[in-house]
Amino acid sequence: MAYQQTDLDKLHSTLVAVATGAQKVRFADGRETTFQTVEAVSAAIAVVDAQLKMQARALSGTNRFRVPYYRSGL
-18 MAYQQTDLDK LHSTLVAVAT GAQKVRFADG RETTFQTVEA VSAAIAVVDA QLKMQARALS
42 GTNRFRVPYY RSGL
């Protein structure tokens, strides 16, 4: 599922709202989610942020990967 910047903005505003007592957020595609704690909202922000960064990297054509280094020479 592709997230949008508006979803991340709503989650940031929801973080403040959950801290003050509100618990629901409605995304751009119409889904509604209820959060119980600030930690749950923070975890959702991290997921959406990571997805947006991955989408931006995919669109820019930048692919990064790591090559493992072993001291034994493998």
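In case it helps, our numbering puts the sequence shown at residues -18 to 55.
The C-beta atom is built at its ideal place from N, Cα and C for all residues, glycine as well.
Q.
Going by beta-carbon coordinates alone, are E13 and V6 separated by less than 9 Å?
A. Residue mapping note: residue 13 aligns to position 32 of the sequence shown, counting from 1. Residue mapping note: residue 6 aligns to position 25 of the sequence shown, counting from 1. The answer is yes: Cβ separation under 9 Å.
Q) For V6, which beta-bridge partners are listed by DSSP? A) Start at 1 with the first residue of the sequence shown, and residue 6 comes out as number 25. According to DSSP, which records beta bridges pairwise, V6 is partnered with T14.
Q. In whole angstroms, what is the alpha-carbon distance linking V29 and Q17?
A. Position 48 of the sequence shown, counted from the start, is the residue given in the question as residue 29. Position 36 of the sequence shown, counted from the start, is the residue given in the question as residue 17. Between V29 and Q17, the C-alpha separation is close to 18 Å.
Q: Express the C-alpha separation of Q36 and V(-3) in angstroms, rounding to a whole number.
A: Stepping through the sequence shown from its first residue, residue -3 is reached at position 16. Stepping through the sequence shown from its first residue, residue 36 is reached at position 55. Between V(-3) and Q36, the C-alpha separation is close to 26 Å.
(Q) According to DSSP, simplified to helix, strand and coil, what is A27? (A) Position 46 of the sequence shown, counting from 1, holds the residue named residue 27. Note: A27 maps to helix in three-state DSSP.
Q) Taking the continuous alpha helix (DSSP H) assigned at Q(-14), which residues delimit it? A) Stepping through the sequence shown from its first residue, residue -14 is reached at position 5. Note, Q(-14): alpha helix (DSSP H), Q(-14) to T1.
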